[in-house]
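>
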Amino acid sequence: MIDVKDSPSWDFANSVFFTATMLTSIGYGYVAPNTFGGRLFGVIYCLIGIPLTLVTVANVAKFISETIFLIHYELWKYWCRWKAKRKGQELTNEPLFAEDEDEQEILDRVKLVRFPPIVVFLFVFLYGLFASYIIQRKEQWSYVESMYFTFISILTVGFGDFRPSPHNIWTTLAVVLGGVILTTMCMDVVGRMYLKEIHYLGRKLKSNNPFYLIREAKARHNEDGKIRELRGIKGNAVEIMSVDSCSLYEFRITAVSKYGESKPIYLVQYTEPQLSPQHILATKLNANTIELTWEPPFKRTHDVKNYVVYFTENPNASLSEWEKIPVNGRRVVFPDLRYDWFYMFSATALFKDGQRSPLSRALFIKTDKLEFHKQCVGQSRTIEVMDSICDRTEDSETTALLKRDYASFAV
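344 is the number that our numbering gives to position 234 of the sequence shown; each next residue is one higher, with no gaps.
Okay, structure coming up:
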């Protein structure tokens with residue numbers, strides 16, 4: 111217990127120290143108001159000041175962490191250049207990603223540079239040791255006592271069993287505030303790195319809960335009951351709006367007459383992402399020629415630079431093995447395809463800032479068989495060829511037997 115006679119006076123330094131420890135939620139307790147008005151003011155001041163202080167400390171900590179990340183990235187680049195020079199490799203200023211590369215090729219070359227969190231913890235620990243040395247030089251404490259006071263303070267615990275001398279308040283306050291900011295930075299770095307892993311672990315534990323599974327089953331049952339029904343459609347077309355993108359829908363269509371309702375046909379349709387080319391359509395111009403058309407994305411329509419069309423004749427091939435061609439418009443023709451063969455087509459949009467949209471839905475098209483039409487093979491032409499051979503006066507390889515007429519072979 112602290113003796114009341116040894117309580118500090120309410121001068122400016124102690125008031126600043128009291129305010130700072132109150133806003134950072136350290137609260138040593140040996141500096142406290144005694145009157146009702148002072149206590150009421152302290153409660154209201156904490157309700158307003160503590161959230162603002164936490165936001166300010168978090169922003170400063172984020173700025174420091176981003177600076178450390180930038181320094182680490184620059185050091186990593188210098189290390190990679192040094193290793194490349196040792197191996198005799200030349201560094202070029204070519205762009206990282208080519209416009210004709212697909213997502214799989216880019217992801218195969220991406221290397222994740224992760225800042226080691228142990229370095230952040232080590233930095234905070236070394237700061238605590240250094241701050242303990244400063245406080246030990248200022249106060250008449252041992253180094254262990256100084257280290258205990260420092261770490262209890264920067265972790266915002268603040269038991270109050272150790273307190274700084276009045277003439278060392280400013281030094282102690284600066285050391286403690288710096289430690290609080292670094293501790294917050296450490297939590298921010300670790301949280302950003304491992305938040306997804308922690309969230310995945312929590313969802314895994316949550317999904318193994320039997321009560322959670324029961325609630326999910328009930329929710330799915332309720333979703334299945336939300337079936338929209340459109341009746342009284344007179345024509346053979348209907349527009350369905352307000353559907354979600356990137357979702358799978360099943361449509362059930364029946365015909366109703368005075369004799370009753372027919373058997374239904376089912377259509378499963380996947381709605382495309384709003385950034386992808388929309389309503390991609392393939393039209394057969396002839397047996398082995400296909401025209402591909404599409405509409406611009408719903409979002410960022412005016413930011414589209416060009417499109418890239420992917421196609422393959424092997425449906426089992428991975429996306430990196432598909433052929434791709436850049437297209438400036440929204441129409442492309444594929445001539446001279448293989449007859450009686452299956453092809454798959456898909457498209458993506460390239461934006462002016464270098465980003466690309468997700469792939470559109472894939473089209474699965476089969477070309478027609480090669481057929482010969484009788485009206486294109488006339489016997490009169492054969493007779494004309496034979497007559498020309500008989501009537502020729504000169505047997506020369508440079509003289510054409512018959513004037514070529516490509517119209518006779520038109521399909």
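No residue lacks a Cβ here, since even glycine has one placed at the ideal position from N, Cα and C. No experiment lies behind these values; they were computed from the predicted model shown.
Quick check: the Cα distance between Ile264 and Trp186, rounded to an integer number of angstroms?
Taking the straight line from one Cα to the other gives about 31 Å.
> Helix, strand or coil: how does DSSP classify Gln384 here?
Note: Gln384 maps to coil in three-state DSSP.
> Pairs of beta-carbons, one from the segment 248 to 259 and one from the segment 270 to 278, closer than 8 Å: are there three or more?
At 8 Å Cβ cutoff, the stretches touch.
> Residues bridged to Tyr417 by DSSP?
Val437 and Ala459.
> Tell me, please, which residues DSSP counts as bridged to Asn144.
Paired residues: none, contrary to the question.
> How would you write the range of the beta strand (DSSP E) that Thr399 sits in, first residue to last?
Unbroken beta strand (DSSP E) run through Thr399: Thr399 to Glu405.
> Is the beta carbon of Arg471 closer than 8 Å to that of Ile390?
Cβ atoms of Ile390 and Arg471: closer than 8 Å.
> Have a look at Leu511 and Asn438 and give me their C-alpha separation to the nearest angstrom.
Because the pLDDT of Leu511 is 43, which lies under 50, any placement of that residue in the model is unreliable, and the question is left without a value.
> Whole angstroms are fine: how far does the CA of Ile343 sit from the CA of Pro374?
Cα to Cα, the separation comes out at about 15 Å.
> Tell whether a beta-carbon distance below 8 Å holds between Leu469 and Lys415.
Cβ atoms of Leu469 and Lys415: not closer than 8 Å.
> Please determine if the segment 389 to 408 and the segment 440 to 447 are in contact, where contact requires at least 3 C-beta pairs separated by less than 8 Å.
Yes, they touch.
> Whole angstroms are fine: how far does the CA of Val141 sit from the CA of Ala123?
Going by the C-alpha atoms only, they are around 11 Å apart.
> Exposed or buried, Ile350, counting other C-beta atoms within 10 Å across all chains shown (16 or more means buried)?
Exposed, because fewer than 16 other Cβ atoms sit within 10 Å of the Cβ of Ile350.
> Look at the Cβ atom of Thr294, then the Cβ atom of Ala130, and state whether they are nearer than 8 Å.
Cβ atoms of Thr294 and Ala130: not closer than 8 Å.
> If you draw a straight line from the alpha carbon of Ala347 to that of Arg410, how long is it in whole angstroms?
Cα-Cα distance, rounded: 29 Å.
> Report, in whole angstroms, the separation of the C-beta atoms of Cys296 and Val230, which I expect to be a contact under 8 Å.
Going by Cβ atoms, the distance from Cys296 to Val230 rounds to 5 Å, so yes, they are a contact pair.
> With DSSP as the reference, label Glu349 as helix, strand or coil.
Residue state, collapsed to three classes: coil.
> Pairs of beta-carbons, one from the segment 227 to 244 and one from the segment 278 to 288, closer than 8 Å: are there three or more?
Taking 8 Å as the limit for Cβ pairs, the verdict is that the segment 278 to 288 does touch the segment 227 to 244.
> Is it true that the CB of Ser357 sits closer than 8 Å to the CB of Pro383?
In this structure, Ser357 does not lie closer than 8 Å to Pro383 by Cβ.
> For Ile279 and Phe127, what's the separation of their Cα atoms in angstroms?
Near 7 Å, if we compare the C-alpha coordinates of Phe127 and Ile279.
> What is the rounded straight-line gap between the Cα of Leu157 and the Cα of Thr458?
Rounded to whole angstroms, Leu157 to Thr458 spans 51 Å at the Cα level.
> Could you give the distance in angstroms between the alpha-carbon of Val254 and the alpha-carbon of Ile245?
Their backbone Cα atoms lie some 11 Å apart in a straight line.
> In the structure shown, what three-state DSSP assignment does Phe269 receive?
Phe269: coil per DSSP, three-state reduction.
> DSSP state of Glu481, grouped into three classes?
Three-state result, Glu481: coil.
> Cβ atoms of Val300 and Pro227: under 8 Å apart, would you say?
Result yes, Cβ atoms of Pro227 and Val300 sit closer than 8 Å.
> When the Cα of Ser367 is compared with those of Asn426, Thr477 and Arg341, which residue comes out closest?
Taking only the C-alpha atoms, the option nearest Ser367 is Arg341.
> Anyone know if the C-beta pair for Leu447 and Ala392 falls short of 8 Å?
Taking 8 Å as the Cβ cut-off, Leu447 and Ala392 do not qualify as a contacting pair.
> May I have the straight-line CA-CA distance separating Thr381 from Asp450, to the nearest angstrom?
Cα-Cα distance, rounded: 29 Å.
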